[in-house]
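Asker: One structure is given below, represented as structure tokens, and several questions about it will come after.
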Amino acid sequence: MARQVEAPSTAELFQDEILAGQAAEIEAVIAQAHGDPRAAVGALLVQLAEVERARREAESSGSLGYRRGTQPPRPVRRD
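Every position in the sequence shown, counted from 1, becomes a number in the numbering used here once 88 is added.
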């Protein structure tokens, strides 16, 4: 008896082409926005690093019981 193998879906057959098309769209957007895709990627990496640094700071302060924007307002001292 011959075994029947499930045929891959159309999306699976064209996955490489779909990904290549998406990459081309991303490159076009970057080129349009910044001119040089490499410089744009560098700028995006810098932004990502800043976001990650801020996230680490928030997690660190969260472990101490302080999170940005979630702290109760401090009472005003009137001496």
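Glycine is no exception: its CB is placed at the ideal position from the N, C-alpha and C atoms.
As the structure is a prediction and not an experimental result, all values here were calculated from the model.
(1) I'd like to check one pair, residue 121 with residue 112: are the Cβ atoms closer than 8 Å?
(2) Suppose you measure from the CA of residue 108 to the CA of residue 134; what does that come to, to the nearest Å?
(3) Could you tell me the distance, in whole angstroms, from the CA atom of residue 102 to the CA atom of residue 132?
(4) Just to confirm, is the Cβ distance from residue 125 to residue 115 under 8 Å?
Answerer: Taking the structure as given:
(1) Within the sequence shown, the letter at position 24 stands for residue 112. Within the sequence shown, the letter at position 33 stands for residue 121. For residue 112 and residue 121, no; Cβs fall outside 8 Å.
(2) One-based indexing of the sequence shown puts residue 108 at position 20. One-based indexing of the sequence shown puts residue 134 at position 46. Each residue's Cα considered, the two are about 25 Å apart.
(3) Here residue 102 refers to the residue found at position 14 of the sequence shown. Here residue 132 refers to the residue found at position 44 of the sequence shown. Rounded to the nearest angstrom, the two C-alpha atoms are 29 Å apart.
(4) In the sequence shown, residue 125 corresponds to position 37, counting from 1. In the sequence shown, residue 115 corresponds to position 27, counting from 1. Yes, Cβ-Cβ distance for residue 125 and residue 115 is below 8 Å.
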